[in-house]
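What follows is a short report on a single structure.
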Amino acid sequence: GQSLEQPSEVTAVEGAIVQINCTYQTSGFYGLSWYQQHDGGAPTFLSYNALDGLEETGRFSSFLSRSDSYGYLLLQELQMKDSASYFCAVRDTGFQKLVFGTGTRLLVSP
Amino acid sequence: NAGVTQTPKFRVLKTGQSMTLLCAQDMNHEYMYWYRQDPGMGLRLIHYSVGEGTTAKGEVPDGYNVSRLKKQNFLLGLESAAPSQTSVYFCASSYVGVDNQPQHFGDGTRLSIL
C-alpha cells in the first residue's frame with residue numbers, strides 16, 4: 002500500500018520562503034502531486050513530479066527525489082492568499098486513483 | 053465551462069434517513085471519485101469509477117453506495133445515515149489515468165447527520 006507523511010502545520014511571514022515536505026512509502030511509484038485547498042474550498046491541482054529534480058511554476062516549485070522517497074513544495078514570496086492546506090499525493094499501483102497525505106496547513110502572517 | 057458540479061451544497065439529515073449526492077462533470081472524463089474530508093484526516097476515497105457502468109470500493113466504502121449510469125454523472129448514496137457520516141464530501145474527475153492528469157474537484161457537499 003501507500004502512505005504519505007507531511008507536517009501538520011507550518012507558519013511563515015509575508016515575503017518569506019517556505020518548504021513543505023512529504024515523505025512517502027509506496028509499493029510502486031508513479032509520480033508525486035501537490036494540491037492546494039483554501040478553507041471552505043475545493044482542492045486544486047498545483048504540480049506533478051514524475052522524475053527527480055525541481056519543477057518551477059511561478060512562485061511555486063516542487064521537488065522530487067525518488068531514491069529518498071521524498072518531495073517538497075517550495076513557496077516563494079509568500080502572500081497572505083497562500084494561507085491554505087497543501088496535500089501531497091501519489092498514484093496507486095493500479096494507476097486508477099490517488100492516495101493523499103493528511104495535509105499541511107500553512108499560515109502566513111503579515 | 054462548469055467543470056465538476058455537486059448538489060446539494062449543504063444538507064442536514066436525521067439519523068436513519070437516506071439521501072443521494074449528485075456529481076456532474078462536463079469535461080468528458082472517464083474517471084470519477086467520491087471522497088470525504090474530516091478535520092485532520094485529509095481526503096479519504098469512498099468509491100470510484102473508471103467508466104460508465106463501473107464502480108469500485110475505495111478506502112472507506114462502508115455505509116455508502118454509488119452508481120455511474122451515465123458517463124457525466126456519479127451518484128453517492130447513504131442508505132441509513134449515521135452521525136459518523138457527518139463530513140464534507142468532494143467529488144472529483146480526471147482523464148483516463150494518464151500520469152500527470154490532475155483530478156478536478158467540485159466545491160463539496162457539507163453534510164450533517166443529527
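Each protein sequence line maps, in turn, to chains A and B. For the first sequence, my numbering begins at 2 and goes up steadily by one. For the second sequence, my numbering begins at 53 and goes up steadily by one. We put the CB at the ideal spot given by N, CA and C, even for glycine.
| field | chain B contacts from the segment 31-46 of chain A (Cβ-Cβ distance under 9 angstroms) | value | TYR31, GLY32, SER34, TYR36, GLN38, GLY41, GLY42, ALA43, PRO44, THR45 and PHE46
| query | Quick one, are the C-beta atoms of GLN38 of chain A and SER86 of chain A less than 9 angstroms apart? | reply | yes
| field | SER68 of chain A classed as buried or exposed, judged by whether at least 16 other C-beta atoms fall within 10 angstroms | value | exposed
| said: Can you tell me whether ALA90 of chain A is buried or exposed? The criterion is at least 16 other CB atoms within 10 Å of its CB, across all chains shown. | reply: buried
| Does the Cβ-Cβ distance between LEU76 of chain A and PHE64 of chain A come in under 9 angstroms? | no
| query | Can you list, in chain order, the residues of the segment 49-82 of chain A whose Cβ is nearer than 8 angstroms to any Cβ on chain B? | reply | TYR49 and ALA51
| task | Under the assumption that THR72 of chain B contacts GLY129 of chain B (Cβ atoms under 8 angstroms), give the Cβ distance between them as a whole number of angstroms. | result | 5 angstroms
| task | Could you confirm whether any beta carbon from chain A is found closer than 9 angstroms to the beta carbon of PRO154 of chain B? | result | yes
| request: Would you verify that the beta carbon of LEU107 of chain A is, or is not, closer than 9 angstroms to some beta carbon of chain B? | output: no
| said: In the DSSP output, which residue or residues are listed as bridge partners for VAL109 of chain A? | reply: A:ALA13
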